[in-house]
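What follows is a single structure, written as structure tokens, with notes after it.
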Amino acid sequence: MNSARTALADLQLQVIACERCPRLRAWCQQVARRKRAAFRDWEYWGKPIPSFGDPDARLLIVGLAPAAHGANRTGRIFTGDRSGDFLFRVLHHTGFASQPVSRSHDDGLRLHDVWIAAAVRCAPPKNKPLPEEFRNCRPYLVREIQLLTRLRVIVALGRLAFRACLDALRELGLERPPADFPFAHARLHRLGPDRPLLISSYHPSQQNTLTGRLTEPMFRRVFLLARRLMDAGSEAARAGSRS
Ligand code: SF4
169 MNSARTALAD LQLQVIACER CPRLRAWCQQ VARRKRAAFR DWEYWGKPIP SFGDPDARLL
229 IVGLAPAAHG ANRTGRIFTG DRSGDFLFRV LHHTGFASQP VSRSHDDGLR LHDVWIAAAV
289 RCAPPKNKPL PEEFRNCRPY LVREIQLLTR LRVIVALGRL AFRACLDALR ELGLERPPAD
349 FPFAHARLHR LGPDRPLLIS SYHPSQQNTL TGRLTEPMFR RVFLLARRLM DAGSEAARAG
409 SRS
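In the working numbering, the protein residues as written are 169 to 411.
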């Protein structure tokens, strides 16, 4: 294992042991104890959720935070909830995932050329992390961006994850303000030479998918664009991009 891969693996162990946000840690443990009736036979994970995927990935997907009865139960990001069902169907369709379903951490799912992380790695009450919780968790995202040595494209799912990506990239030297990068679905943002390309996307939450605000063809478009940029090579991709 090369040193970046080792460091990436070590980072996931640090995430799992993290206690920086007392409110979130208490909430995740409470949900894990009480459970939802449909999952009463499950032993909930109840800890912070590590990232998941291919350490050699050229694509990084950043969600908002784990779901209380999804990843907080299964221990794997986007696994066991409706948002994950939608995401993995599309990742399978676009060649990034080995199967269209994601039910548990040992369901055999493999990701190809993609790494999935969250802006906040503990499930928050009402799906709403506090500003200090975003700040507390940001160093993990910053470090992952550094350790994904082949990274070319970041897809941010939802406005808050998009802002978290920009904040992380500013810590890595991006000088332009967030206002220079307006959020829109399937929008490509050019951050400058030697930086990954950033695509903003609606989040695949039921609030979006059940209302038709985000359809599968719209979501596929995001990952087909990411694939095209990844395959085109960074210089050609940047030359053809719009910000
Ligand atoms: S949200 Fe992030 S920083 Fe806060 S306790 Fe969980 S892993 Fe740690």
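Backbone N, C-alpha and C define an ideal beta-carbon position, used for all residues, glycine too.
All values derive from a computational prediction rather than experimental measurement.
query                                                                                                                                                        : result
Pick out whichever of S373, I367, H371, T383 has its Cα sitting closest to the Cα of L397.                                                                   : I367
At 4 residues or longer, and completely inside the segment 292-331: list those alpha helix (DSSP H) runs for me, N to C.                                     : 299-315
Mapping DSSP to helix, strand and coil, what is S270?                                                                                                        : coil
Mind checking whether the beta-carbon of E328 lies closer than 6 Å to any heavy atom of the ligand SF4?                                                      : Here the sequence assigns Leu to residue 328, which means Glu is not the residue at that position. L328 Cβ: outside cutoff for every heavy atom of the ligand SF4.
Between which two residues does the alpha helix (DSSP H) harbouring S251 extend?                                                                             : 250-261
Start and end of the beta strand (DSSP E) containing S373?                                                                                                   : Segment: none, S373 is in no beta strand (DSSP E) and carries neither H nor E.
Does the structure place the segment 382-401 close enough to the segment 243-263 that three or more beta carbon pairs sit under 8 Å?                         : yes
Answer yes or no: the CB of N170 versus the heavy atoms of the ligand SF4, is any distance below 6 Å?                                                        : no
In chain order, what residues of the same chain lie with their CB nearer than 8 Å to the CB of A233, ignoring the 5 residues before and after it?            : A286, A287, V288, R289, C290, A291, P292, N295, P297
Enumerate, from N- to C-terminal direction, the unbroken alpha helix (DSSP H) stretches of 4 or more residues contained entirely within the segment 209-252. : 239-242
With respect to the alpha helix (DSSP H) encompassing V390, which residues constitute its N-terminal and C-terminal limits?                                  : 384-400
If you drop the 5 nearest sequence neighbours on each side, which residues of the same chain put their C-beta closer than 6 Å to that of H273?               : T242, G243, R244
Going by C-alpha to C-alpha distance, which of W213, R226, C333, A394 sits closest to R306?                                                                  : C333
Between L319, D348, E300, K215, which has its C-alpha nearest I284's C-alpha?                                                                                : L319
Any idea if F391 is buried or exposed, counting beta-carbon neighbours within 10 angstroms, 16 or more meaning buried?                                       : buried
Return the CA-CA distance between V183 and P218, expressed in angstroms with no decimal places.                                                              : 6 Å
Just the C-alpha distance for S402 and Q267, rounded to the nearest angstrom, thanks.                                                                        : With a pLDDT of only 48 at S402, under 50, the local geometry of the prediction cannot be trusted, and the value read off the model is given with reservation. Each residue's Cα considered, the two are about 28 Å apart.
Determine the burial state of L378: buried for a count of at least 16 other Cβ atoms within 10 Å of its Cβ, exposed for fewer.                               : exposed
What is the DSSP secondary structure of V282, reduced to helix, strand or coil?                                                                              : strand
From what residue to what residue does the alpha helix (DSSP H) around R204 run?                                                                             : From DSSP, R204 is part of no alpha helix (DSSP H); its letter is neither H nor E.
What separation, rounded to the nearest whole angstrom, lies between the Cα atoms of N240 and L393?                                                          : 30 Å
Check this for me: beta carbons of Y212 and A200, under 7 Å apart or not?                                                                                    : yes
Using only alpha-carbon positions, find the residue among G231, H237, A175 that is nearest to A205.                                                          : H237
Going by DSSP in three states, A405 sits in which element: helix, strand or coil?                                                                            : Low confidence applies here, because A405 scores a pLDDT of 47, under 50, leaving its location unreliable; read the following figure in that light. Looking at A405 - three-state DSSP - the assignment turns out to be helix.
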